[in-house]
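Trainee: One structure is given below, represented as structure tokens, and several questions about it will come after.
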Amino acid sequence: MYRSQQLALKYFAAAIVLFGIMTVAGILSSIYYVRPGFLLNTFHFSTAKILHIDTLVIWLLMGFFGAVYWFLPSELGREVEGIALAEVFFYIFCAAVAVVAVVFIFVQYGGSSEFSLWFINQGRKYVEAPRWAAIGVVAVVAVFMYNVIGTALKAGKITGVVGVLIVDLVPLFALYLDAFPALTNMSQDLFWWWWLVHLWVEATWEVLIACIMALALMQLLGTSRWVVEIWLYVEVALVLGTGVLGLGHHYFWIGTPAYWLGIGGFFSALEPLPLLGMVVHAIYDAGTQHLKTTNRPAFYWVLAEAFGNFIGAGVWGFMMTLPQINLFAHGTQWTVSHGHFAFWGAYGCGVLAVIYLALEKARGLGGLDGNAWKWSFALLNIGVAGMAGGLLVSGMAQAFYERAIGGSTLGAFLAAQRNVWFMDGMYARLLFGLLFAAGYFVLVYDLLTIGERHTEAELETRAAAAGS
Amino acid sequence: MSPQDLIRTSLLLGAFVLLAGSYGLLYSVGLLLDRPALLLASHVSFALQCLVTSAIILLTPLTPWWKLLIVASCAIYFRIPPVTWRYLHQIHERSGED
Amino acid sequence: MYTRDPAFWRAGAISVCLVTGVVLIILTIDTLAAISPGGSHVPLYSVINRHISYEYDSDRRMYVPVIGGEELLFNRKYTEAEATELVGKGKLVIQSRACIDCHTFFGNGAYYAPDLTKSWLDPVWDATWKPMYQGTSREDAIVKFLMHPNEFPVGFRFMPDLGITREEGEAVAAYLKWMSAVDANGFPTRFGVGATR
């Protein structure tokens with residue numbers, strides 16, 4: 001195994017740990033909604049939420065790093081350039097995340113000073129980590145870029161997939177620089193913040209996961225490089241063609257000119273179209289290989305990615321994206337519903353697929369199967385679908401009662417929050433969140449033991465792999 | 001728009017894309033398994049999507065430009081599965097995999 | 001067939017990115033002008049010296065902020081520089097306490113607490129909290145609330161005590177007043193006009 005692949009396994013382990021913290025913080029956050037006054041003045045909802053959304057970003061980012069570190073050496077035929085530096089930075093990354101989390105939990109907030117922004121909490125969503133840590137993230141991403149570009153240069157070749165990856169890393173890196181400014185003007189603050197958030201999760205991250213999926217498909221199904229590259233370019237063209245100006249769907253209500261209502265709404269409405277193409281593609285790939293692939297969990301998580309992306313991002317997104325609807329849906333649990341479903345479908349499933357792929361190779365197996373992965377697959381996906389469903393009911397009730405009827409005052413807000421539909425949705429969300437958490441524990445058990453359990457099937461597989 | 005229009009319109013829009021998805025799913029699986037029944041089901045799904053499109057035009061307060069966008073999208077959704085499938089088949093064949 | 005040539009699709013991807021990217025940059029330049037203080041949608045910070053209301057504009061068919069005559073904040077007329085400093089301090093408070101992780105601003109943030117875009121215009125200040133906190137003005141009530149948020153809870157959703165000082169509270173009140181004067185294309189619609197007060 002290349003050192004880079006060993007590092008990949010470490011990144012995957014760290015990612016799964018953070019996935020667990022994200023889940024616990026999520027359950028915690030949901031309790032505040034069903035128990036008024038829960039932990040008041042002891043542990044703020046905002047702290048639980050910050051832990052939940054920040055670990056979301058970091059676990060996925062670590063998953064992406066792991067995936068690239070896993071595939072890069074075999075893609076380019078040599079060890080990753082600067083691997084020693086990458087190994088050191090992995091530990092720096094983990095340590096920084098731990099320190100930031102401890103400060104969030106035990107210090108929680110500081111006074112209104114630059115010191116607070118540098119060392120405690122920057123108070124901007126997803127990028128709350130204090131500036132010293134943001135510098136750390138910049139450094140980690142810079143090392144990652146050096147690893148990728150340096151390896152390609154040393155190998156003397158840039159494959160199509162690696163080429164797209166390298167070009168994608170430049171805006172990915174540059175956009176993160178918006179994690180630093182503290183602008184007085186909230187309209188300007190949010191304007192640039194959305195460049196970072198949207199052009200990460202609805203542009204550069206989509207290209208990144210597409211590159212990772214391309215590398216995964218070549219390994220999982222033996223798809224030819226030529227086919228995978230064509231599809232990658234098609235996907236990049238369609239996703240960025242709709243996504244770059246689809247950024248406008250975040251510019252409806254932040255104080256920007258009204259032309260964004262038309263532009264953002266139009267491009268955003270087109271965003272589900274490429275996703276349907278991806279569903280067809282997923283079925284085609286499943287079929288041409290006649291489901292013969294021997295890594296069943298990886299294969300099913302790839303399918304979950306295509307469908308989850310279409311439903312969570314496409315269907316759920318389309319329901320709320322037209323400005324006439326969004327005027328009422330904006331800033332409600334409706335958004336939360338879409339966010340949970342979309343992040344899971346677009347990214348969570350993909351990272352899990354790659355982890356299973358890596359484990360198969362790392363444990364020297366000729367395939368992966370079993371029962372535990374099926375349980376975690378069911379629990380996690382049903383959990384997310386159930387949470388999204390519950391939140392949709394709450395969100396629609398909130399849009400209906402607080403915004404459309406109530407005029408969005410505090411009184412309207414409170415009336416909607418205690419509305420029976422709203423509360424039912426919140427209880428449903430918590431219940432399905434617990435199912436999701438159960439799925440997480442089964443997932444951890446499976447990741448630790450799959451291939452190590454000596455069942456008949458696995459012994460046979462190993463014998464077959466050894467013999468071939 | 002009224003609160004009731006809000007819920008009705010958003011559900012119709014969600015159904016619109018969901019039916020496009022089920023059309024694509026049934027169509028692809030139908031071709032894959034060579035089952036005419038599934039292909040028929042896929043076209044029923046698309047017919048339902050057209051029905052939903054009509055409902056959006058007749059029953060929602062969206063302005064004409066947005067309704068036109070929905071109609072155009074419906075037409076494009078219809079073409080995506082066959083075009084995508086045919087294209088994938090061609091490039092896989094060309095690469096000598098089939 | 002050119003559609004089976006990766007180079008065709010690569011060219012397509014590059015072109016699409018370039019074209020949409022350039023359009024985005026052009027629109028960004030125009031938007032930045034509109035959202036700068038004093039631009040078409042965002043007022044100067046000295047708007048905190050004026051009366052602000054929210055009314056339906058039948059030409060634009062949406063609710064828009066209306067900036068009226070003089071209505072001083074904390075009985076003081078701020079110069080542009082003083083207002084900029086005060087509102088800037090308010091933003092620093094908002095960030096240091098991570099308000100956006102419970103509340104929303106222009107609908108962005110967390111959804112556990114109400115949206116604050118038009119909070120300055122919320123009837124609860126004059127009708128409920130000003131008498132309860134014995135505030136001398138709406139802004140004074142806001143400051144007293146921020147300093148002691150649990151003293152007079154009006155519902156079942158409670159704001160924690162974040163150790164906000166008098167000075168910080170005044171800065172936040174100024175921030176809320178300035179923010180309520182931003183033209184957000186009608187969001188949130190019908191604020192304060194709805195059935196529930």
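Protein chains in written order, with my numbering: chain A, 1 to 468; chain B, 1 to 98; chain C, 1 to 197. Every residue, glycine too, gets a C-beta built ideally from N, C-alpha and C.
Got a sec, what are the start and stop residues for the alpha helix (DSSP H) Tyr259 (chain A) sits in?
Mentor: Residue numbering aside, residue 259 (chain A) sits at position 259 when the first sequence is read from its first letter. It spans Tyr259 to Leu270 - the alpha helix (DSSP H) in which Tyr259 (chain A) sits, taken as one unbroken run.
Trainee: From the beta carbon of Arg190 (chain C), is the nearest beta carbon of chain B less than 8 Å away?
Mentor: Working through the third sequence from its first residue, we reach residue 190 (chain C) at position 190. Chain B contact via Cβ: absent.
Trainee: Using a Cβ-Cβ distance under 8 Å, would Asn49 (chain C) count as near chain A?
Mentor: For this step, residue 49 (chain C) is matched to residue 49 along the third sequence. Chain A, which has no Cβ nearer than 8 Å to the Cβ of Asn49 (chain C), makes this no.
Trainee: Which residues in the same chain have their Cβ closer than 8 Å to the Cβ of Ala48 (chain A), if we skip the five residues on either side of it in sequence?
Mentor: Against the first sequence, residue 48 (chain A) aligns to sequence position 48. Ala25, Leu28, Ser29 and Tyr32, listed in sequence order.
Trainee: By DSSP's criteria, Met525 (chain A) is part of a beta bridge. Which residues make up the other side?
Mentor: Examination of residue 525 (chain A) is not possible in this model, given that chain A is present from 1 through 468 alone.
Trainee: Using the beta-carbon count (16 or more within 10 Å), is Gln4 (chain B) buried or exposed?
Mentor: As a working mapping, residue 4 (chain B) is identified with position 4 in the second sequence. Classification for Gln4 (chain B): exposed.
Trainee: Where does the unbroken alpha helix (DSSP H) through Asp101 (chain C) begin, and where does it stop?
Mentor: The sequence position of residue 101 (chain C) within the third sequence is 101, counting from 1. Segment: none, Asp101 (chain C) is in no alpha helix (DSSP H) and carries neither H nor E.
Trainee: Quick check on Arg10 (chain C) - is its C-beta less than 8 Å from some C-beta in chain B?
Mentor: For the purposes of this step, residue 10 (chain C) is taken as residue 10 along the third sequence, with counting starting at 1. So, not an interface residue.
Trainee: Nearest-angstrom Cα distance between Gln333 (chain A) and Gln188 (chain A)?
Mentor: The count along the first sequence starts at 1 and reaches residue 333 (chain A) at position 333. The count along the first sequence starts at 1 and reaches residue 188 (chain A) at position 188. Roughly 25 Å between the two C-alpha positions.
Trainee: Output needed for Leu169 (chain A): all residues of its chain with C-beta closer than 7 Å, excluding positions within five of it in sequence on either side, in chain order.
Mentor: Residue 169 (chain A) sits at position 169 when you count from the first residue of the first sequence. Cβ within range, chain order: Met145 and Val148.
Trainee: Taking Cβ-Cβ distances below 9 Å as the criterion, which residues of the stretch 51 to 83 of chain C are in contact with chain B?
Mentor: Listed by position along the chain: nothing, the set is empty.
Trainee: Contact criterion: CB-CB distance below 8 Å. Does Leu88 (chain B) meet it with respect to chain A?
Mentor: One-based indexing of the second sequence puts residue 88 (chain B) at position 88. Yes, because at least one Cβ of chain A sits closer than 8 Å to the Cβ of Leu88 (chain B).
Trainee: Over the uninterrupted alpha helix (DSSP H) stretch that includes Arg8 (chain B), give me the two end residues.
Mentor: As a working mapping, residue 8 (chain B) is identified with position 8 in the second sequence. Run containing Arg8 (chain B): Pro3 to Leu33, per the alpha helix (DSSP H) assignment.
Trainee: List the DSSP bridge partners of Asn108 (chain C).
Mentor: Taking the first residue of the third sequence as position 1, residue 108 (chain C) is located at position 108. Note: Asn108 (chain C) sits in a beta bridge opposite C:Phe105.
Trainee: Among residues of its own chain, excluding the 5 on either side of Gly135 (chain C), which ones have a beta-carbon nearer than 6 Å to its beta-carbon?
Mentor: For this step, residue 135 (chain C) is matched to residue 135 along the third sequence. Within the same chain, Gly135 (chain C) has close Cβ partners Ala141 and Lys144.
Trainee: Which chain C residues are close to Lys49 (chain A), counting only those with a beta carbon under 8 Å from its beta carbon?
Mentor: On the first sequence, residue 49 (chain A) is found 49 positions in, with the first residue counted as 1. Neighbours of Lys49 (chain A) on chain C, chain order: Asp101, Cys102, Ala110 and Tyr112.
Trainee: From the beta carbon of Ala133 (chain A), is the nearest beta carbon of chain C less than 8 Å away?
Mentor: Stepping through the first sequence from its first residue, residue 133 (chain A) is reached at position 133. Cβ-Cβ to chain C under 8 Å: no for Ala133 (chain A).
Trainee: For chain B, check one thing: does any of its Cβ atoms lie closer than 8 Å to the Cβ of Arg97 (chain C)?
Mentor: For this step, residue 97 (chain C) is matched to residue 97 along the third sequence. No, because no Cβ of chain B sits closer than 8 Å to the Cβ of Arg97 (chain C).
Trainee: What did DSSP end up calling Tyr63 (chain C) once you bin it into helix, strand or coil?
Mentor: As a working note, residue 63 (chain C) is residue 63 in the third sequence. Note: Tyr63 (chain C) maps to strand in three-state DSSP.
Trainee: Please state the DSSP three-state secondary structure of Leu165 (chain A).
Mentor: For the purposes of this step, residue 165 (chain A) is identified with residue 165 of the first sequence, where counting begins at 1. Leu165 (chain A) falls in the helix class under three-state DSSP.
Trainee: Please determine, among A:Ala86, A:Gly37 and A:Phe38, the residue with the shortest C-alpha to C-alpha distance to Gln5 (chain A).
Mentor: Here the question's residue 5 (chain A) lines up with position 5 in the first sequence. Considering only alpha carbons, the answer is A:Ala86.
Trainee: Span of the beta strand (DSSP E) holding His51 (chain C)?
Mentor: Here the question's residue 51 (chain C) lines up with position 51 in the third sequence. Per DSSP, His51 (chain C) belongs to the beta strand (DSSP E) from Arg50 to Asp57.
Trainee: Anything in chain C within Cβ reach of Ile80 (chain B), meaning under 7 Å, just list it in chain order.
Mentor: As a first step, residue 80 (chain B) is located in the second sequence; it is residue number 80 there, counting from the start. Per Cβ cutoff of 7 Å: no residues; Ile80 (chain B) is ~15 Å from chain C at best.
Trainee: With DSSP run on the structure shown, which of helix, strand or coil describes Asn419 (chain A)?
Mentor: To locate residue 419 (chain A), count along the first sequence from 1; it is residue 419. Reduced to three states, the DSSP call for Asn419 (chain A) is coil.
Trainee: How would you write the range of the alpha helix (DSSP H) that Lys10 (chain A) sits in, first residue to last?
Mentor: In the first sequence, the residue the question calls residue 10 (chain A) occupies position 10. It spans Arg3 to Val34 - the alpha helix (DSSP H) in which Lys10 (chain A) sits, taken as one unbroken run.
Trainee: Kindly indicate which three-state DSSP category Arg79 (chain B) falls into: helix, strand or coil?
Mentor: Position 79 of the second sequence holds residue 79 (chain B). DSSP places Arg79 (chain B) in helix when its eight states are reduced to three.
Trainee: Thinking C-alpha only, which one of C:Lys91, C:Leu92 and C:Ala113 is nearest Asp101 (chain C)?
Mentor: Your numbering for residue 101 (chain C) matches position 101 in the third sequence. Per the Cα distances, C:Ala113.
Trainee: Apart from the five residues just before and just after Ile67 (chain C), which ones in its own chain have a Cβ nearer than 7 Å to its Cβ?
Mentor: Reading the third sequence from its first residue, position 67 is the one you call residue 67 (chain C). Result list for Ile67 (chain C): Pro43, Val47, Arg50, Ile52 and Ala181, in chain order.
Trainee: Taking only beta carbons into account, state which residues of the stretch 186 to 199 of chain A come closer than 7 Å to chain C, listed in chain order.
Mentor: From the stretch 186 to 199 of chain A, only Met186, Ser187, Gln188, Leu190 and Phe191 have a Cβ closer than 7 Å to chain C.
Trainee: How many Å lie between Leu443 (chain A) and Ala437 (chain A) at the Cα?
Mentor: Here the question's residue 443 (chain A) lines up with position 443 in the first sequence. Here the question's residue 437 (chain A) lines up with position 437 in the first sequence. Using only the alpha carbons, I get a separation of about 10 Å.
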